[in-house]
Amino acid sequence: MFHGETSINLDAKGRLAIPTRYRDAISESSSDQLILTINPFDTNHNLWLYPLPEWERVQRQVMALSTSNETHRWVQRFLVGSAARCDLDSAGRILIPGPQREFAGLSKKIALLGLGHRFELWDDATWNALRNQQLEGGLESGGQASMELDGLSL
Numbered sequence: 155m156f157h158g159e160t161s162i163n164l165d166a167k168g169r170l171a172i173p174t175r176y177r178d179a180i181s182e183s184s185s186d187q188l189i190l191t192i193n194p195f196d197t198n199h200n201l202w203l204y205p206l207p208e209w210e211r212v213q214r215q216v217m218a219l220s221t222s223n224e225t226h227r228w229v230q231r232f233l234v235g236s237a238a239r240c241d242l243d244s245a246g247r248i249l250i251p252g253p254q255r256e257f258a259g260l261s262k263k264i265a266l267l268g269l270g271h272r273f274e275l276w277d278d279a280t281w282n283a284l285r286n287q288q289l290e291g292g293l294e295s296g297g298q299a300s301m302e303l304d305g306l307s308l
């Protein structure tokens, strides 16, 4: 399970060093094989990074969606069609392909968020601005977000 927030610099070749605390788990579960894809559900562009076995589970679910439904086809195109294999090199880095870097607006500084079975990758400045905006505003009390979280004991 991945958790936590890390600010990391991309190198000049577009490589991202995965924090050492995650490398053993990635190596054990996926033989250093990761899949990077775009997050189609967030208007604030970011990327999702999965260990290969977790990605295979997600991909099966996505590809099982009905292709007669336009929304399903777009989800398939975005998640599976935009997916790229990123293997950890001997230094624990992955190369983020140009199209994915461009989509998420990644330049130098990246925010890597561990979210259980996957990571999110954000442009660091974008992530900090959005996080601060949400923290200042708080989750709306009594609104849709509040109802969706009813019964969650934190």
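Each residue of the sequence shown is one higher than the one before, starting from 155 at the first, in the numbering used here. Beta carbons: idealized from backbone N, C-alpha and C, even for Gly.
Would DSSP call residue i helix, strand or coil?
| i | result |
| --- | --- |
| residue 236 | coil |
| residue 195 | coil |
| residue 242 | coil |
| residue 181 | helix |
| residue 270 | strand |
| residue 223 | coil |
| residue 286 | helix |
| residue 203 | strand |
| residue 158 | strand |
| residue 265 | strand |
| residue 258 | helix |
| residue 304 | coil |
| residue 165 | coil |
| residue 218 | coil |
| residue 278 | helix |
Taking all protein chains shown into account, do 16 or more other C-beta atoms lie within 10 angstroms of the C-beta of residue i, making it buried, or fewer, making it exposed?
| i | result |
| --- | --- |
| residue 195 | exposed |
| residue 242 | buried |
| residue 186 | buried |
| residue 220 | exposed |
| residue 184 | buried |
| residue 237 | buried |
| residue 283 | exposed |
| residue 218 | exposed |
Report back the beta-carbon spacing between residue i and residue j to the nearest angstrom; my notes put them in contact at under 8 Å.
| i | j | result |
| --- | --- | --- |
| residue 157 | residue 268 | 4 Å |
| residue 162 | residue 260 | That pair is no contact at about 11 Å. |
Which residue wins for smallest C-alpha separation from residue i, given the options the options?
| i | options | result |
| --- | --- | --- |
| residue 273 | 264, 280 and 279 | 264 |
| residue 234 | 211, 197, 241 and 256 | 211 |
| residue 182 | 229, 155, 220 and 215 | 155 |
| residue 240 | 175, 280, 217 and 255 | 255 |
| residue 173 | 159, 185 and 184 | 159 |
| residue 180 | 206, 197 and 171 | 206 |
| residue 279 | 288, 291, 262 and 289 | 262 |
| residue 177 | 231, 214, 244 and 209 | 244 |
TODO: Pair every Cβ in the segment 184-195 with every Cβ in the segment 246-262, then say whether three or more of these pairs are closer than 8 Å.
DONE: yes
Open item on the list: Whether or not the segment 155-173 and the segment 225-234 are in contact is what I'm after, with contact meaning three or more pairs of Cβ atoms, one per stretch, closer than 8 Å; do they touch?
Closed with: no
- [ ] Please confirm if the segment 269-288 is in contact with the segment 197-217, defined as three or more CB-CB distances below 8 Å between the two stretches.
- [x] yes
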